[in-house]
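Everything below concerns the one structure shown next.
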Amino acid sequence: MGNEYRAKVFKSGNSMALRLPKALGFQAGQEVRVREEAGKFSFESVNDEGRIDLTGLWGSCPDLKALTPEEREFDHSPRVWDDPDWQGWGEDPAT
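Just so we're aligned, residue 1 is where the sequence shown starts under full-length UniProt numbering, counting upward by one.
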């Protein structure tokens, strides 16, 4: 059996948090997978192999520019529910 440590649960906002001892080697902000089985919990570092690293793409499209605030605005597309007389998706009330 490995080393045993004590940790303390505390309230953080509306959540409960667990303060892990420094000796466990986790870094601040590090993602951790928590597993619970029959009332026992285990913690392990999340492997980032599934993440896509886009740092090599940064700057590779020099003609690609960020959208201006004006370009981020879309024209309103009228919808049936914008009509104040619209009764919903049910059957036609006239029949």
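Just so you know, even glycine gets a beta-carbon here, dropped at the ideal spot from N, CA and C. Quick caveat, the model's predicted, so the values are computed rather than measured.
CB of residue i within 8 Å of CB of residue j, strictly
i, j, result
"K11", "R19", "no"
"S42", "R35", "yes"
Residue i, DSSP secondary structure in three states
i, result
"A23", "helix"
"W81", "helix"
Opening and closing residue of the beta strand (DSSP E) in which residue i lies
i, result
"R35", "32–37"
"E4", "Counting along the chain, E4 falls outside any beta strand (DSSP E), and DSSP gives it neither H nor E."
Residues bridged to residue i [DSSP beta-bridge criterion]
i, result
"E44", "R33"
"A17", "F10"
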